[in-house]
Amino acid sequence: MFKLEGPKLTKEDETNNNFRNSEFLPQKKYTQQMGACKAPISNLLLPSPPPSPPTPNQNATTRRLLLFSLPLLTTATTTNLLPLSTTGAQIASVNSSIQLNSCWALAESYDPVSQAEKEASTSMSKRVSEAVELLEKGREFQAQGDFSEALLYFTLMVENYKDFAFSDYGRVGRALSLYEIGNREEAIAEMEDVSISLKGYPEIHAALAAALYADKHALLLAENQFSIATLLDPHYTDLSYVKETKHWPPSLVSSLQQFITLS
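Under UniProt numbering, think of the first position of the sequence shown as 1, with each following residue one higher.
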């Protein structure tokens, strides 16, 4: 049996082998050290995704797109209908006219008054017309000498429409009618009240002067009231004026005559 032997290594070969082996030893040690290190778990977690932006309202977006696209669609449609020979200036003029017409249409369709305000205005106008009609009806019967019927219309006007300022003129007619039918105390009280609310209205001051002198024998008060009346309208010194123009009742005309003549 022969024993195979390898080639004999010289000292130089052994030195080279030792150097090669020494190169891998630090690498093995470094690998072991790296394996011994453990990274923190928190560094290995994935970052949380950023919050998603709010989703816009699809209906609102669609509505805005529709509103903004209407002028464009109108312009594009009109431009397509124009003949091919139309110049750019003519197209711009047509588009400008369309925009002006759209603005005018929107302005005409806009109504600043609400439906509730319209109904309130209609109701108020109706009440004013009814009050004026009662006042004119009372004065019509007063001119005819039917003071009982005149008193009825004046009273209806005053009671149902006393929130109107001109209802005081109905109170003047009511006071004159009350004086004629014999209720002079109430008539004088009404005259005194209205002479305050309608201060400066000459008819009520002249009527109150006549009643105060004839029924209350208050000459000084009567002269004060009559001075106001004649200062504003001198016609009240004329008996025919109060009888034929103002249609005073006969009893009040007689009282005014007594005051003027101091009889």
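By construction, the Cβ of each residue, glycine as well, lies at the ideal position given by its N, Cα and C atoms.
Note that the structure is a prediction, hence the values are computed from the model and not measured.
Starting from the C-beta of residue i, find all residues in its chain whose C-beta is less than 6 Å away, skip the five residues before and the five after it, and write them out in chain order.
{"i": "residue 184", "result": "215"}
{"i": "residue 153", "result": "134, 137 and 138"}
{"i": "residue 342", "result": "Absent from the structure is residue 342, since the part of the chain shown begins at 1 and ends at 263."}
{"i": "residue 233", "result": "202"}
{"i": "residue 212", "result": "218, 221 and 222"}
{"i": "residue 271", "result": "Outside the displayed span of the chain (1 to 263) sits residue 271, for which this structure offers no information."}
{"i": "residue 188", "result": "211"}
Buried or exposed: which applies to residue i, given that a residue is buried once 16 or more other Cβ atoms fall within 10 Å of its Cβ?
{"i": "residue 219", "result": "exposed"}
{"i": "residue 186", "result": "exposed"}
{"i": "residue 167", "result": "buried"}
{"i": "residue 173", "result": "buried"}
{"i": "residue 222", "result": "buried"}
{"i": "residue 151", "result": "buried"}
{"i": "residue 176", "result": "buried"}
{"i": "residue 210", "result": "buried"}
{"i": "residue 131", "result": "buried"}
Once DSSP output is grouped into helix, strand and coil, what is the label at residue i?
{"i": "residue 165", "result": "coil"}
{"i": "residue 113", "result": "coil"}
{"i": "residue 235", "result": "helix"}
{"i": "residue 183", "result": "coil"}
{"i": "residue 126", "result": "helix"}
{"i": "residue 201", "result": "coil"}
{"i": "residue 263", "result": "coil"}
{"i": "residue 216", "result": "coil"}
{"i": "residue 170", "result": "helix"}
{"i": "residue 249", "result": "coil"}
{"i": "residue 288", "result": "Nothing can be reported for residue 288, as the shown portion of the chain is limited to 1 through 263."}
{"i": "residue 138", "result": "helix"}
Can you find the residues in the same chain that come closer than 8 Å, C-beta to C-beta, to residue i, ignoring five residues on each side of it along the sequence?
{"i": "residue 239", "result": "253, 256, 257 and 260"}
Only counting the same chain, and skipping five residues up and downstream in sequence, which positions put a Cβ closer than 7 Å to that of residue i?
{"i": "residue 148", "result": "181"}
{"i": "residue 236", "result": "202, 206, 229, 230 and 242"}
{"i": "residue 143", "result": "247"}
{"i": "residue 316", "result": "Beyond the ends of the chain as shown, which are 1 and 263, falls residue 316; an answer cannot be given."}
{"i": "residue 118", "result": "none"}
{"i": "residue 200", "result": "232"}
{"i": "residue 127", "result": "161"}
{"i": "residue 204", "result": "172, 191, 194, 195 and 198"}
Inter-stretch contact at 8 Å, needing at least 3 Cβ pairs: the region 195–206 / the region 147–163: no
Taking contact to mean 3 or more Cβ pairs, one atom from each stretch, closer than 8 Å, check whether the region 170–181 and the region 250–259 are in contact. yes
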